[in-house]
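What follows is a single structure, written as structure tokens, with notes after it.
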Amino acid sequence: MSNFIKLLPDSVANQIAAGEVIQRPASAVKEMLENAVDAGATEIVLLIKDAGKTLIQVIDNGCGMSAMDARMCFERHATSKISNADDLFAIRTMGFRGEALASIAAIAQVEMKTRPIEDELGSCLKIEGSKVISQEPCQCSPGTNILVKNLFFNVPARRNFLKSNTAETR
């Protein structure tokens, strides 16, 4: 008898898992806004185009991230909120699992600029379908500016299930 069960390649598994966390543009908006709040932002700007299918941008004045954290935040289960199981009983933030940004990056084209207030330069990242295209130092304001473009660009079945722009923005 032949063996039929096999592990999916990481790229396929990431796309499937991302669909569980980010089911529609509103899911991505929620996660990104919660990240801004958790970063201590007192000002948050949200820009959306085509009900979030084409563009979601969140700009905040939160704590920003170091270059290493900027790269690490897109890895699945990478979080600054918990380090062991006991921490789960003391969570005081909206997010803690370290899945949101990894899930968004798996199914979109992402550009992020981030800078802690104490640093002179920030970090600029471009990610497409979980692949880091580039990361380099850049001039940017303290806080984080994240653009999510072409949500579900590599998951046509999910994109086809999205409703009209009017319905998606309700």
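FYI, this note's numbering numbers position 54 of the sequence shown as 59, with every residue one higher than the one before it. Beta carbons are placed, not taken as given, at the ideal position from N, Cα and C, and that holds for glycine.
Under the DSSP definition of a beta bridge, residue 134 lacks any partner. In the structure shown, the three-state DSSP call for residue 81 is coil. Straight across, the Cα-Cα distance linking residue 28 with residue 157 is about 9 Å. The Cβ atoms of residue 147 and residue 70 lie no closer than 8 Å to each other.
Taking 8 Å as the upper bound for CB-CB distance, residue 115 and residue 167 are not in contact here, some 18 Å apart. Inter-segment contact for the region 54 to 69 and the region 27 to 42 is present: three or more beta-carbon pairs are separated by less than 8 Å.
Residue state for residue 165 is assigned as helix, using DSSP reduced to three classes.
Within its own chain, the residues whose Cβ lies closer than 8 Å to the Cβ of residue 142, once the five positions on either side in sequence are excluded, are 72, 126, 127, 128, 129, listed in chain order. For residue 38, the secondary structure class from DSSP, reduced to helix, strand or coil, is helix.
A straight-line Cα-Cα distance of about 36 Å links residue 163 and residue 144. With fewer than 16 other CB atoms across the displayed protein chains lying within 10 angstroms of its CB, residue 45 is exposed. The secondary-structure analysis by DSSP pairs residue 121 with nothing; it has no beta-bridge partner.
Beta-bridge analysis with DSSP links residue 116 to 131, 152. Between residue 105 and residue 61, the CB-CB gap reaches or exceeds 8 Å. When the beta-carbon positions are compared, residue 80 and residue 56 stay at least 8 Å from each other. Boundaries around residue 106 are those of the alpha helix (DSSP H), 105 to 111, since no beta strand (DSSP E) includes it.
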